[in-house]
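**Q**
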Amino acid sequence: FQSGDELLRIHLFGAADRSCDHWHDDAGMLNHHVAVTWKFEQSLRLINAATASHYWDYTREVAQGIEWYDSELFRDDWFGPASPSNKDHIIDTGRWAYTRILGDAREYSSITNPYGLLRSPWNTNPTPYLMRFNTTFGSVADGWTAFPSCSDFASVIGDDLADLMPQYNGFLHGPVHIMLGGHWGMGAELEAVGASLDGGASELLLVSKFLWRQGVARVPELCSSDTPAEECSVTCPADILGEDTTVETLFEKYGVDKVSSHVATFNKLAKNAGLSDADVIRALCDFWYPGEMFTSAAPQDPIFWPVHGMMERHLQLLRLLKYRGELDFDETWGYSHSFAPSDTHVVCDWSQTEDNAGMPTCILGETCEGHRARDLIPFLGLFEDQESEYTNLEFYSVISPLNKEMPYTYDSLDYWPGCVGSSLLAQ
80 FQSGDELLRI HLFGAADRSC DHWHDDAGML NHHVAVTWKF EQSLRLINAA TASHYWDYTR
140 EVAQGIEWYD SELFRDDWFG PASPSNKDHI IDTGRWAYTR ILGDAREYSS ITNPYGLLRS
200 PWNTNPTPYL MRFNTTFGSV ADGWTAFPSC SDFASVIGDD LADLMPQYNG FLHGPVHIML
260 GGHWGMGAEL EAVGASLDGG ASELLLVSKF LWRQGVARVP ELCSSDTPAE ECSVTCPADI
320 LGEDTTVETL FEKYGVDKVS SHVATFNKLA KNAGLSDADV IRALCDFWYP GEMFTSAAPQ
380 DPIFWPVHGM MERHLQLLRL LKYRGELDFD ETWGYSHSFA PSDTHVVCDW SQTEDNAGMP
440 TCILGETCEG HRARDLIPFL GLFEDQESEY TNLEFYSVIS PLNKEMPYTY DSLDYWPGCV
500 GSSLLAQ
């Protein structure tokens, strides 16, 4: 049995590591999330052997003409509101009302926020409850008007595995995390600039993470419970930035200009609004407050657990079609990279710094451990006779729809009620 906090901690170890993200933004993303959901289901079945870890078909809302925030999943007797109305965005109604974040967690986990909450280290929010918000840096739903649709999933049928993986990591499920997590606290002036972006406001947080991994943005080591929130924020110290650093200098020196066009646009819009270089740099250095689903602590939100099944179903269908000779599907392990704030190609080595006080050695073009074919998936006990951790290639073989030893199966692979004729293949 592994508790929700234990599975959350494992996710944090993978996704909130300062060197790189071992679980996302590369080829190992789906494997890791299938595995952690499998472990979650094992825990559920130890409580009630008749249950399962269900999946959420979030393509239905578009087809049914339902606004995404009106989905039945956001009823109080399901997962609670998509965007609570209180000022702190705490889920305050329904069965998940006031779900607490584990506090005083430093002895439990090497990764916590400065207040000792089991959160991403850079999420300095002191409020110890689960939160959601439908606005990202001033932009409602980050510019999205709906969850990913059947047409989106149908559009990638025919892609090779290496081309498919970034779509799974990105637009086929990423918007769900952003739309439900949200990002707030930066003040009216900055929110107005973010709102004027034509989508892409979520890139501001991703760029902040890029600066944090490179040692530019610094998180306070410790904030006591009575430390005011404004005194416990992430900053880019002057001794690292240098005197009178401009936004353009920051972008060029730390590679921001290569990974985000939206942040460059944000800078121009901010200047047009009368904001200074210092204002924009602060906007990028301070992480402000994201909701759990838009952080590496996403498993804290119960709605995290059914999100990834749609990708596994989609992949199983493609593999089955290939087996039947109905689809040419190249399954060579890989990932078709782009340059984006979540796909920076940079791994930072902090091992030679003392107490994380110095600057890391960052290498462009490295693959983060956890994503290569022979890197290990950090779970045992998936099968009773499992003797060691699986490599990515081994695990990919294990989760084949042709594996009769699998302890679970999906109710269907080509029944998609959000598609034409309720079939992905008919879309």
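All residue numbers in the sequence shown are consecutive under my numbering, ending with 506. Where a beta carbon is used, it is the ideal one built from N, C-alpha and C, also for glycine.
#1: Would you list the one or two residues that DSSP bridges to Ile382?
#2: On the DSSP bridge list, what partners appear for Met210?
#3: So what does DSSP say about His90, is it helix, strand or coil?
#4: Could you tell me the boundaries of the alpha helix (DSSP H) in which Leu240 lies?
#5: Grab me the residues of Gly294's own chain with a C-beta within less than 6 Å of its C-beta, minus the 5 sequence neighbours each way, in chain order.
#6: Note down the Cα distance separating Asn482 from Tyr469, rounded to an integer number of angstroms.
#7: Find the nearest neighbour of Ala184 within the set Tyr487, Val499, Arg88, His393, judged by alpha-carbon distance.
#8: Which residue comes first and which comes last in the beta strand (DSSP E) that contains Val425?
#9: Leu363: which of Glu405, Cys427, Phe289 sits nearest, CA to CA?
#10: Got a sec? Which residues, its chain only, sit under 7 Å from Val499 by beta carbon, not counting five neighbours each side?
#11: How would you write the range of the alpha helix (DSSP H) that Ile360 sits in, first residue to last?
#12: For the structure I just gave you, are there three or more beta carbon pairs, one from the region 135-144 and one from the region 456-470, closer than 8 Å?
#13: From which residue to which residue does the alpha helix (DSSP H) around Thr229 run?
#14: Tell me the start and end of each unbroken beta strand (DSSP E) in the region 104-145 that is at least 3 residues and wholly inside, in chain order.
#15: Using the Cα positions of Arg198 and Phe408, report the straight-line distance between them to the nearest angstrom.
#16: Could you tell me how far apart the beta carbons of Cys427 and Arg292 are, in whole angstroms, since I believe they sit closer than 8 Å?
#17: Reducing DSSP to helix, strand and coil, say where Arg154 ends up.
#18: Which residue comes first and which comes last in the alpha helix (DSSP H) that contains Leu396?
#19: Can you tell me where the alpha helix (DSSP H) with Thr328 in it begins and where it stops?
#20: Can you tell me where the beta strand (DSSP E) with Leu443 in it begins and where it stops?
#21: Nearest to Asp156 by alpha carbon, out of Gly144, Lys166, Trp175, Ile145?
**A** Short version:
#1: Looking at the DSSP assignment, Ile382 forms no beta bridge with any residue, so it has no partner.
#2: Ile169
#3: helix
#4: 240-248
#5: Met438, Pro439
#6: 15 Å
#7: Arg88
#8: 425-428
#9: Phe289
#10: Ala505, Gln506
#11: 356-364
#12: no
#13: According to the sequence shown, residue 229 is Cys rather than Thr. Counting along the chain, the alpha helix (DSSP H) containing Cys229 begins and ends at 229-233.
#14: none
#15: 39 Å
#16: 5 Å
#17: coil
#18: 388-402
#19: 326-332
#20: 440-443
#21: Trp175
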